[in-house]
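Residue numbers (this note's numbering): 2 to 440.
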């Protein structure tokens, strides 16, 4: 009934009790989707499973005794095994676990009924303790117990609800959504790193806007990203934008290449501040870049990703009117060559996110790409290391070491100019010598 890798089938027959696939893999298989997220479980404790695997090709890479979880690898594939358990939350979000032998007790500890459907691998049958199959057929997410109980136990489930709706396209049961709203403050108890991981997964979903809208409806977005939540209802010129600021951001994220979804989310984060301060959106790219940096630091993004995303947000409005001079464009391309593909993706998504076209490349990105290709043909250097002159080529009596970096950067900019004659090492060195006179 459900496709199972051959290694996992063989693994199931090592068990003296039924071994089950559960969670997202079963849900996705029953709704016609493919998943590689293998969660397996049975009534056997983790220690017993470890003893079963002696002398087999199955390797245990991790045992978590507190949750009864074992990571098992075979031929490059890893599965997460968990013994049936019930969780008791006593403050915090690391539950105390007990280990019943009945499947219904295990099902009730899970978040949503659609994730509490089990597939008995050996006997090729579905086990559905809580009616999750019906939810899958109806494409709906509802909680395994009362919504208040489920969300009050673990605030991260508020984000998981939004993420799973975005991943599956399932709607949310009205009672479940109401329960999420009532417990929105529980997200305040969750570490920023865990919030970021769920946010990243929402952004990588097929339709991220579904999850982002749900976060707004739950009242969670106002707590984790208030800078974005306030964009809801902010008006924009109808001749440029079909949506308000929040709707435009969501549409841009949906249109964005997956390599730049974070930048798409934050690209107009400066608009609410500018509007409330000035009544317009002028300068929102610069304001947004600084806000983006603050927010990403708060959510514990790595410095490299922060730096790149901030650059994209800061530059996404370049030459929107299409009237920049040729040399201005060439210099911009040179300075941003390392992120030019991503910047053009963001500009394209921003255009599509306005709501009047459904696909295509923006005029700005087309001009930037054409300029970049032209500069490559001309062998224009894009960084100091591409120059023919090195710092140690400059005589000490011409420039001291402390001033050479600045001089090389000046040379680099000069090389970007259309028709620049600085195409040999000798000419580049002469340029530096000439421009250093009188210093």
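A virtual CB, placed ideally from N, CA and C, is assigned to each residue, including glycine. The model shown is predicted, which means the values in this text are computed figures rather than measured ones.
With contacts defined as CB atoms closer than 8 Å, residue 184 and residue 149 qualify as a contacting pair.
Here residue 376 has 331, 334, 335, 383 and 417 as same chain residues with Cβ atoms under 8 Å from its own Cβ, once five neighbours each way along the sequence are excluded. Under the criterion of beta carbons closer than 8 Å, residue 52 and residue 84 do not qualify as touching, at roughly 13 Å. Comparing C-alpha distances from residue 397 to each of 117, 433 and 322 shows the shortest one belongs to 433. Per DSSP, the unbroken beta strand (DSSP E) holding residue 126 starts and ends at 126-128. Annotated as distal: residue 209 and residue 258, with beta-carbon spacing of 8 Å or more. When 186, 142 and 153 are compared, the shortest CA-CA separation from residue 167 is found for 142. Ranked by Cα distance from residue 42, the options 27, 32, 35 and 20 are led by 20. Membership of residue 8 in the alpha helix (DSSP H) is indicated by the continuous run 7-13. Take residue 400, set aside five residues on each side of it, and the residues of its chain with a beta-carbon closer than 8 Å to its own are 408, 433, 437 and 440, in chain order. In terms of Cβ geometry, residue 265 and residue 325 do not form a close pair [threshold 8 Å]. Counting only residues of its own chain and dropping the five nearest sequence neighbours on each side, residue 385 has a CB closer than 7 Å to the CB of 409, 410 and 413.
With fewer than 16 other CB atoms across the displayed protein chains lying within 10 angstroms of its CB, residue 63 is exposed. Its chain contains 140, 141 and 142 as the residues whose beta carbon lies nearer than 6 Å to that of residue 171, once the 5 sequence neighbours on both sides are disregarded; these appear in chain order. DSSP lists 64 and 82 as the bridge partner or partners of residue 71. In the structure shown, residue 346 adopts helical secondary structure according to DSSP, grouped into three states.
Counting the other Cβ atoms within 10 Å of the Cβ of residue 114 gives 16 or more, which makes it buried. In the three-state scheme derived from DSSP, where H, G and I count as helix and E and B as strand, residue 41 is classed as strand.
Between residue 356 and the set 247, 306 and 214, the nearest pair of CA atoms involves 247.
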